[in-house]
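Q: Handing you a structure now.
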Amino acid sequence: IERKGAKIGLIVTRGTRDVYIIGRGNRPEAYNLFFQRHRPLVPRRLTREIDERLLSSGEVHVPLDRAAVAEAARVLAAAGVESVAVCFLHSYTNPEHERSAGEIVRAAMPGAYLSLSHDILREYREFERISTTVVNAYIGPKVGGYVKDLYSGLGKLGFRGALTIMRSNGGVMTPEIATRRPAAMMESGPVGGIIAAARVGAILGSPNVISFDMGGTTAKASLVRDGEPTMAPGCYVGGYASGDPVMLPMIDVVEVGAGGGSIAWIDDVGALKVGPQSAGADPGPICYRAGGAEPTITDANVVLGRLDPDNFLGGEMKLDAEGARSGIAEKIAGPLRLDTVVAAEAIVEIAIAKMSLAVREVSVAKGYDPRDFALVASGGAGPLHVLAIARELYIPKVIVPLFPSHFSALGMVLADERHDLIRTYYSDVATLEFAELLQIHHEMVAEAKMALRHAAQVQKQIHLDLRYVGQEFTLQVPVSLDQIEAADRCGIRTAFDALYEHRYAHHSPDEPVEMVNIRLTMVGKRPRPAFPHLPKSGQRKPSHRRDIYLRDARKPVSCPVYQRPALGAATHIEGPALIQEHGTTTVLFERDVCTVAPSGELIVMVAGA
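For the numbering used here, add 73 to where a residue sits in the sequence shown, where the first one is 1.
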C-alpha cells in the first residue's frame with residue numbers, strides 16, 4: 074500500500090507483456106470522473122517478453138528460448154532490479170519452462186529475489202496470477218530480511234523453540250516458507266483472533282460464532298461455522314476498486330473504517346459521518362492528551378461515561394474527559410445544534426450501524442442467519458460496542474474472551490500448520506475423468522506432505538470449484554476422497570446444487586455443471602495450551618457505581634462497575650453494568666445477563682434478541 078517494496082522486474086511469455094498493466098475491465102466507480110486504475114508495481118520498461126509457449130493442456134507449443142531469458146536477466150540486473158517475477162502462460166499446468174527460467178535467472182542474478190508463478194499460485198486467470206506473483210516479488214526481499222533478523226534476534230535471546238509465522242489462511246508456516254511466499258501473510262493480522270474465536274466457541278459449546286474485532290482504526294468481522302472459519306479465494310490489497318489482487322486462499326474477513334480512533338466529521342451537506350479517517354494511536358483521540366484535535370469514537374465513549382477517565386489501562390493512563398467534551402461540542406454538537414451528549418451518542422450509533430453492516434456482510438449476505446450464531450468480541454474497543462451490535466442484529470449470545478485486547482496473539486498460539494494447494498483442472502462434471510483428478514490429488518498430497526513432514530498428525534480437506542456452464546465465478550464444494558475414487562458424479566452434483574441453493578436461494582438442476590479447480594487443504598496439528606479454570610470464589614459485588622449514558626442521552630443511569638480480574642467462575646451480573654479490565658470495558662445494557670464461564674469468558678445473553 075505504501076509502495077515501499079523492492080524494485081522488481083517481470084519476465085513473461087511473448088505477447089502477454091501488457092496483461093498486468095491492462096488488468097480487468099471492471100470499473101466499480103462508474104460515475105467517478107477521476108477514477109484511478111490500479112498502479113502496476115512493475116513499470117512496463119522492466120517487463121521482458123520471452124519466446125516460449127505452452128498450451129492450456131500443458132503441451133509445449135514453442136520451446137523456451139534460454140538465451141532470451143539470460144539476456145532479460147542481464148538487462149534487469151543492469152537496471153538495478155532487486156527482485157524478479159516470472160509468469161508464463163499456462164504454467165499452472167506445466168511448470169517446466171518457469172523452472173528452467175528460474176535457474177537461468179538465479180545464475181545471472183545470484184543476489185536477486187525470485188518468484189515463480191507456479192510456486193505461488195497454480196490457478197488459471199493470467200492477470201490475477203501475475204498480480205499475485207508480482208506482489209510476492211515486491212514484498213519478498215523486505216519480508217525475507219525481516220524474518221531472518223527476527224530469527225537471529227530470537228536466537229541471541231536464547232530462544233530454542235520452533236518459530237512459526239501466521240498466514241492469512243488461518244494456519245502458520247515455517248520461516249523458510251514465509252520467506253519464499255510472503256504474499257501468504259497478506260491480511261493475516263486479524264486472522265489470529267478468528268482462530269481463537271473458533272476455539273473459544275467450541276469450548277463453550279457454540280461452534281457457530283461470528284468473530285468481531287474492533288481496534289483503533291477498523292472493525293473486522295468473520296464467520297465461523299461448525300468450528301471452521303469461512304474462506305475467501307483472495308483479496309484486493311488497497312481495495313477492490315484500484316488494488317492489487319492477491320488470489321491466495323485466506324479467511325474471509327470484512328473490514329469497515331470504524332475503530333476507536335475513527336474521526337467524527339460533518340460532510341458538505343451537513344450530515345454526521347464517522348470514519349474512515351482515523352486519528353490512529355498517534356496523535357490519537359483528543360482525550361489521549363497527545364495532540365489529537367479531531368473528535369473520535371473513543372472521545373464519544375468518554376463523554377457518555379462508558380470509559381472511565383481515571384481507570385483507563387488500569388489507571389496507567391489518565392484521559393482528558395473535558396477535552397473530549399469540548400472537542401465534540403466544538404466540531405460536532407455546535408454545528409449540528411445538538412447537546413454534546415446527544416452528539417456523542419449519535420457518533421457511537423453511526424459507528425454501531427457501520428459495524429453491524431460488516432457482521433451482516435459475513436452472515437446474511439452469505440446465506441446465514443446471524444441469530445444462529447454467537448458473537449465473539451475482541452480488540453480494545455470490541456467489548457465496548459458488541460452488545461449494541463448484537464441487539465441491532467438480534468444475536469442472542471455474546472462472548473467476551475479473557476484478555477480481549479490480546480486475543481489475536483492467543484489465536485496465533487492455537488493455530489495449526491496449514492497449507493492450501495490449488496490446481497486448475499477444467500472439465501464438465503458429466504465427462505470428468507476421475508482417474509486424472511485422482512492423480513492430481515495424489516501429486517498435491519505428496520507436495521503438502523513435504524511441507525508437513527514434521528507434523529505428527531495431518532488432516533485433509535478436498536474442495537472442487539464448480540459452476541454452472543456460462544458463469545464466471547465458482548462455489549467451493551467439499552468432497553471426499555471416496556467420492557473421487559468412486560467417480561460419484563451424482564453426489565458431487567447434488568452437493569453443488571444444495572450449496573448454490575443455500576447461497577442464492579435457487580438452483581438450476583437442468584443446467585450443466587463444470588469444474589474449474591481442485592483445492593487441497595492439509596493441516597498439521599500442533600499441541601494446544603490448556604485454557605484456565607477459574608475458582609468460583611471471587612468478588613461478586615461492584616467496586617463502585619458511575620453515572621453513564623446508555624439508551625437515553627438525556628438521562629444518565631447509575632451503573633455498577635465490576636472489576637473483571639476479581640470475578641470468579643459462575644458470577645452472575647445483570648445489566649445495566651460495566652465490567653472493567655486493563656485493556657477494555659464491557660458495557661451491559663438493561664436486562665442483559667452475564668455469566669462468567671469456568672474458563673473465564675463472559676457469556677452474555679442479550680435482552681430482546
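Using N, Cα and C, we set each Cβ at its ideal position, and we do this for glycine too.
Since the model is a prediction, treat every value here as computed from it, not as a measurement.
#1: Between G330 and G353, is the Cβ-Cβ spacing less than 8 angstroms?
#2: Go ahead and label L230 buried or exposed: buried means 16 or more other beta carbons lie within 10 angstroms of its beta carbon, across all protein chains shown.
#3: Between which two residues does the alpha helix (DSSP H) containing A212 stretch?
#4: Whole angstroms is fine: what's the gap from R118's alpha carbon to V207's?
#5: Is it the case that the segment 229–247 contacts the segment 255–267, given that we only count it when at least three CB pairs across the two stretches are under 8 angstroms?
#6: Counting Cβ pairs, one atom from each stretch, are 3 or more of them under 8 angstroms apart for the segment 209–216 and the segment 154–168?
#7: Go through its chain and collect everything with a Cβ distance to V690's Cβ below 6 angstroms, but skip five positions before and after it.
#8: Does the Cβ-Cβ distance between G113 and I94 come in under 8 angstroms?
#9: Considering only C-alpha positions, which residue in the set I276, Y165 and H111 is nearest to V310?
#10: Can you grab the Cα-Cα spacing for the pair L675 / G641, in whole Å?
#11: Going straight from the alpha carbon of M182 to that of R90, what length do you get?
#12: One question on the structure: do F569 and V449 come within less than 8 angstroms of each other, judged by their Cβ atoms?
#13: For S581, collect the residues of the same chain with a Cβ closer than 7 angstroms to its Cβ; drop the 5 residues on either side in sequence, then sort them by chain order.
#14: If you reduce the DSSP assignment to three classes, tell me which class F507 lands in.
#15: Which residues bound the beta strand (DSSP E) around N590?
#16: Go through its chain and collect everything with a Cβ distance to H606's Cβ below 8 angstroms, but skip five positions before and after it.
#17: Helix, strand or coil for T371, going by three-state DSSP, please let me know.
#18: Alpha carbon to alpha carbon, how far is L127 from P136? Give it in angstroms, no decimals.
#19: Would you identify the three-state DSSP class for I468, choosing helix, strand or coil?
#20: Quick one: is T594 buried, meaning 16 or more other Cβ sit within 10 Å of its Cβ, or exposed?
#21: Looking only at its own chain, which residues have a Cβ that is under 7 angstroms from the Cβ of R100, when we skip the five neighbours before and after it?
#22: Verify whether the separation of the beta carbon atoms of A488 and G300 is less than 8 angstroms.
#23: Since I believe F604 is in contact with G266 (beta carbons under 8 angstroms), could you give me their beta-carbon distance rounded to a whole number of angstroms?
#24: Given this structure, state the Cα-to-Cα distance separating A180 from A146, to the nearest angstrom.
#25: Say whether chain D places a C-beta atom closer than 8 angstroms to the C-beta of A529.
#26: Please work out which residues of its chain come closer than 7 angstroms, Cβ to Cβ, to I425, disregarding the five sequence neighbours upstream and downstream, and give them in chain order.
#27: Where do the N-terminal and C-terminal ends of the beta strand (DSSP E) with K346 fall, by residue?
#28: M287 lies in the alpha helix (DSSP H); which residues open and close that run?
#29: Going by beta carbon distance, what residues of the same chain come within less than 7 angstroms of N374, once the five residues before and after it are set aside?
#30: Between the alpha carbons of G378 and L661, how many angstroms are there, rounded?
#31: Is there contact between the segment 165–174 and the segment 557–572, where contact requires at least three CB pairs shorter than 8 angstroms?
#32: Can you list, in chain order, the residues of its chain with a C-beta nearer than 6 angstroms to that of T657? Leave out the 5 residues immediately preceding and following it.
#33: Can you give me the C-alpha to C-alpha distance between D501 and L510, rounded to a whole angstrom?
#34: Just to confirm the assignment, what range does the alpha helix (DSSP H) spanning A394 have?
#35: So who's on the other strand from H170, going by DSSP bridges?
#36: Where does Q556 sit, in a helix, a strand or coil, going by DSSP?
A: For this structure:
#1: no
#2: exposed
#3: In the sequence on display, residue 212 carries Ile and not Ala. Residues E199 to K229.
#4: 15 angstroms
#5: yes
#6: yes
#7: The displayed coordinates of the chain run from 74 to 682. Any statement about residue 690 would go beyond what the structure contains.
#8: It is worth fixing the name first, because residue 113 is Pro in this sequence and not Gly. Cβ distance < 8 angstroms, so P113 and I94 count as in contact.
#9: H111
#10: 11 angstroms
#11: 21 angstroms
#12: no
#13: Y541
#14: helix
#15: V586 to G597
#16: A642, P671 and S672
#17: helix
#18: 8 angstroms
#19: coil
#20: buried
#21: F108
#22: no
#23: So it is not a contact: roughly 16 angstroms between Cβ atoms.
#24: 9 angstroms
#25: Included in the structure is just one protein chain, with no chain D present.
#26: H458, A461, I462 and E465
#27: L345 to S351
#28: Segment V282 to M287 is the beta strand (DSSP E) holding M287; no alpha helix (DSSP H) there.
#29: L380, V421 and L457
#30: 13 angstroms
#31: no
#32: G453, P456, P477 and S478
#33: 12 angstroms
#34: A394 to I401
#35: Per DSSP, none; premise fails for H170.
#36: helix
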